[in-house]
Structures are given as structure tokens and as C-alpha cells.
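Asks: Numbering (the UniProt record's numbering), first residue to last: 1 to 431. The beta-carbon is built from N, C-alpha and C at its ideal position, and this holds for glycine as well. The structure presented is a predicted model; accordingly, all values stated were derived computationally and were not measured. Encoded as C-alpha cells, here's the structure I'll be asking about.
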């Protein structure tokens, strides 16, 4: 077998207000440009069947989606599909659905060395109206990299990411992302292949801990506890419990295309209560302020309110590092602790928004706010997720997030002498 050396495939992400702009041309070894921010999915450029498209980056699903002619509720470039393509119906959580055809075609990522002759896509000619999957401005398709087991179009290779890896274009079947908060969004990036790691914040840039996914569908995590200010909160009785009607085990999962951290209602209520009692807002939030900020997700403006970030409660997720096929969890766990700047994000020069919402009692969805200041590595070969130092750690204002294992701090942005396990790191920008 011949081993081919390849360049790292790093793609920059940046916020939608700079969509389509670039101050300098990227080299093949530079990050590939991505658009977006915390308010929507991140996007990156692809060329599929000779057509340039901006695709959402989505870790929740496996089928990569492109538009076909006459697609409803869509205005943008389209592809044609070959005769005898397989008919495919797509159905997703939240009511999104589509009909179209699956086929193999050429796929390349502009300004990188990645160019694949045969990769699977699903071209859609009909989609749900509320919600739409793609609208053409800015979303012209979806690049998905969840495990092949949940693909609705069955092909060989099963996904675009598998096609890239199997072609030898990258040495690892891994995707690493580093998402950045407001003010640093131009530094967000995706590293397809997870090959370019730089020393960072007293580490070698690799993940300081790996968490085994308990299932091979989405990038799942087995959450043991959710803590607010170090106190474990009671989880619903149905939390992560598989019922007879469940197609998949309802493990919690990480999502690169979810705007919020979605928690069971009781946990959200307790977090809001803790924020209210913290005295972090001056002047104190009125009942009307609370409804607008926490429930309606309206922004709070400075200087109308001053936020004392040190007073805000910590929000921690304790996950088992391993779970057997029978569902038995290991004793070892990892705790990722977020500060107020993680769940209350700056979204404008003087505006802040609350990025936790009420989800299902069955599971937690760890959306982009959870990822924003870490480098997260999705290892598709070894069925695991790596967490390490991320964007802005060199100049952290609050010392969060904190990554711990079995009560021992493995890493936080504060300078400290620690020994770190080796793993993997990469770079992204928002959309």
C-alpha cells in the first residue's frame, strides 16, 4: 500500500456580514473560507458537479444535500442529476423533509487539494416550506459528516467525508472545528482530516481528553450530570432512557448546526433562577426583561444593563468517557464547565443574547455555543470526540471553559503547569 503525504485541509469560517469577501487569496495550505456565526449554521464553499455552492456544515445528518432545478422556496444555483438516479426521501427532526435523487458525482473544495471523482450527494427537487432545508441565500446545500448508519441514500462510499478519506486526500477520517465568539469570528475554521495542529495555551494543541460516543449515528455523548454552580440538578426520569417507540437511543449529542444549547425545561428554569439570584445584571432585570431576554431571546444592550460576568453561575456537563454496547457506563468521566460568556454571547457591538433554550426531556443538544471556545475533534474512525483549547484562549477574560476529568482539571485558559494527553486540533470561522 502506498502512503501519500497530503497538505492539511483547513477552512476559515467568518460571520455573515463578511460573506463573500476575502482580503487575501488563500493558498492550498491555508484555511478554506467559511461563512456564518452563532446565529446560524457555519458554511463552507464546495464545487459539486462543476457548480460552486455554499454548504451548511452539519454534524447531525449523513446525507449531503444539493439543489435541483425548480426546487421550491429556493433561489440560487442548481445541479442536474443523471438518469437512473435513486429516488430518495429525507425526513428530519423538527418537520424538515425533502424528496429528490441520490447520485455519485465530482466534489472538490476550492483552494485546497481536495478533489474527488465520485462522492454521494442527494439532489432535492421538493422540500418542506416550514422549515425549508436550503433557501439559496445564503444556504445552497448541506455538507453532512455524521456516521453513515443514518444516511438515507445508500451508496459506496457512503458519505462525502468517507469519499474524501478513502481517496487518500486526507490521512484521517476526522473533522476538527474551532469556532470563535464575536470579535474573533474571522478566526473560526474547519480542518478536514485534522492534520494541522499548533501548540496552544500550554498544550500541544491536541485534545486534552477524548469522549467515546455511545452510538454510531450522530456524535453522541452519555451525560451523567448537569451542574449549576457545582450542584448536580435532578434530570427528568426519561432522560437518555430508550423507550420501545424510540428508533435510536436518545443519547445527547453535539451539533454544529444548532443555534442553542437545548436542555430539559427544569434545568433551564433552574439556570435562569440562578442567573437572577446572582446579581450579575445592573440594574436588576424586571419581569418584562426576564421574559424578553430568556424566553423570547431578545438582546440586552449595554449600557442599559451592565453584566458582572464573574457573578454569573457556572454550567457544567459531566459525561462518561466510555459506554459499552449494553449501555453500561465506565466510572471515568469528563466535566466541561462553561462560564456566563459561553451561554450569554455577544452578538453586536453592545448587544448580548441568551443561547440556552428549552429542548426535550429525553436529551441535551450541545449546539454551537457549547463549542465556541474549544477545539472539537470528531473522530469518525474511532467513534469518539476530542476536546481541547480553542479560540481566544491566549487572552481569556474569564478562565472558561474548564475541562476536567474525575475532579482533576486537565485544562483551562488560565496559565498552569499540567501534563496533557496527546490527541488532535484544527481551525474554523462562523456562518
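Three Cβ pairs or more, each shorter than 8 Å: is that satisfied between the segment 308–325 and the segment 335–352?
Replies: yes
Asks: Give the single residue among 295, 211, 185 and 57 whose Cα lies nearest to the Cα of residue 359.
Replies: 295
Asks: Let me check understanding here. Comparing Cα to Cα, which of 137, 376 and 241 lies closest to residue 255?
Replies: Nearest option by C-alpha distance: 376.
Asks: Classify residue 142: buried if its beta carbon has 16 or more other beta carbons within 10 angstroms, exposed otherwise.
Replies: buried
Asks: Is residue 227 near residue 361, with beta carbons less than 9 Å apart?
Replies: Against a cut-off of 9 Å, the Cβ pair of residue 361 and residue 227 comes out as no contact.
Asks: Name the one or two DSSP bridge partners that residue 142 has.
Replies: 56 and 65
Asks: Assuming contact is defined by CB atoms lying nearer than 9 Å, are residue 480 and residue 61 in contact in what I supplied?
Replies: A query on residue 480 cannot be resolved here, the shown segment of the chain reaching from 1 to 431 and no further.
Asks: Count the other CB atoms, across all protein chains shown, that sit within 10 Å of the CB of residue 52; report buried if there are 16 or more and exposed otherwise.
Replies: exposed
Asks: Please go through the same chain and pick out, in chain order, the residues whose beta-carbon is closer than 7 Å to the beta-carbon of residue 149, but skip the five residues on each side of it.
Replies: 216 and 217
Asks: Could you tell me which uninterrupted alpha helix (DSSP H) segments, each at least 4 residues in length, are contained entirely in the segment 348–418, listed from first to last along the chain?
Replies: 368–371
Asks: Apart from the five residues on each side of it in sequence, which residues of its chain come closer than 8 Å, Cβ to Cβ, to residue 75?
Replies: 135, 136 and 137
Asks: Once the 5 residues before and after residue 356 are set aside, which same chain residues still bring their CB inside 7 Å of it?
Replies: 260, 261, 263, 268, 271 and 343
Asks: To the nearest angstrom, how far is it from the Cα of residue 82 to the Cα of residue 125?
Replies: 14 Å
Asks: Got a sec, what are the start and stop residues for the alpha helix (DSSP H) residue 271 sits in?
Replies: Counting along the chain, the alpha helix (DSSP H) containing residue 271 begins and ends at 265–278.
Asks: Take the Cβ of residue 288 as the centre, count every other Cβ of all protein chains shown within 10 Å, and call the residue buried at 16 or more, exposed below.
Replies: Residue 288 is classed as exposed because its beta carbon has fewer than 16 other beta carbons within 10 Å across all chains shown.
Asks: Tell me which residue opens and which closes the beta strand (DSSP E) that residue 198 is part of.
Replies: Looking at the DSSP string, residue 198 is not in any beta strand (DSSP E), and its letter there is neither H nor E.
Asks: If you count every other CB in all the chains shown that lies within 10 Å of the CB of residue 14, and 16 or more means buried, which is it?
Replies: Because residue 14 sits at a pLDDT of 41, beneath the cut-off of 50, its placement in the model cannot be relied upon, and the following sentence gives the value as read from the coordinates. Classification of residue 14: buried, given that the 10 Å Cβ count is 16 or more.
Asks: Any idea if residue 21 is buried or exposed, counting beta-carbon neighbours within 10 angstroms, 16 or more meaning buried?
Replies: Any reading at residue 21 must be qualified, since the residue scores a pLDDT of 32, below 50, and its modelled position is unreliable; the value itself is stated next. Classification of residue 21: exposed, given that the 10 Å Cβ count is below 16.
Asks: Is the separation between the beta-carbon of residue 374 and that of residue 388 shorter than 9 Å?
Replies: Cβ distance < 9 Å, so residue 374 and residue 388 count as in contact.
Asks: Between which residues of its own chain and residue 92 is the CB-CB distance below 7 Å, once the five residues before and five after are set aside?
Replies: 61
Asks: Going by beta carbon distance, what residues of the same chain come within less than 8 Å of residue 110, once the five residues before and after it are set aside?
Replies: 32, 45, 46, 47 and 52
Asks: For the alpha helix (DSSP H) containing residue 189, name the first residue and the last one.
Replies: Run containing residue 189: none in the alpha helix (DSSP H); it sits in the beta strand (DSSP E), 188–192.
Asks: Measure from the alpha carbon of residue 278 to the alpha carbon of each residue in 290, 308 and 166, then state which is nearest.
Replies: 308
Asks: Within the segment 88–135, note down every full beta strand (DSSP E) run reaching 3 residues or more, in order along the chain.
Replies: 97–108 and 115–127
Asks: Count Cβ pairs between the segment 378–385 and the segment 182–191 that sit closer than 8 Å; are there 3 or more?
Replies: Contact check between the segment 378–385 and the segment 182–191: fewer than three CB pairs, one atom from each, fall below 8 Å, which does not count as touching.
Asks: Terminal residues of the continuous beta strand (DSSP E) containing residue 442?
Replies: Residue 442 lies beyond the residue range present for the chain, which begins at 1 and ends at 431; the question has no answer from this structure.
Asks: DSSP puts residue 219 in a beta bridge; with which residues?
Replies: Per DSSP, 216.
Asks: Less than 9 Å separating the beta-carbons of residue 179 and residue 42?
Replies: yes
Asks: If you follow the beta strand (DSSP E) that residue 296 is part of, which residue opens it and which one closes it?
Replies: Taken as a continuous stretch (DSSP letters only), residue 296 belongs to no beta strand (DSSP E), as it is neither H nor E.
Asks: Among residues of its own chain, excluding the 5 on either side of residue 167, which ones have a beta-carbon nearer than 6 Å to its beta-carbon?
Replies: 116
Asks: Given this structure, state the Cα-to-Cα distance separating residue 409 from residue 402, to the nearest angstrom.
Replies: 7 Å
Asks: Taking just the CA atoms, how far does residue 364 sit from residue 240?
Replies: 9 Å
Asks: Quick check: residue 230 and residue 251, are their CB atoms within less than 9 Å of each other?
Replies: no
Asks: Let me know if residue 302 comes out buried or exposed under the rule of 16 or more other beta-carbons within 10 Å of its beta-carbon.
Replies: exposed
Asks: Return the first residue and the last residue of the beta strand (DSSP E) that residue 163 is part of.
Replies: Where residue 163 is concerned, there is no enclosing beta strand (DSSP E), although the alpha helix (DSSP H) it sits in stretches over 160–166.
Asks: Per DSSP, what kind of secondary structure is residue 258 in: helix, strand or coil?
Replies: In the structure shown, residue 258 sits in coil (DSSP, three-state: anything other than H, G, I, E or B).
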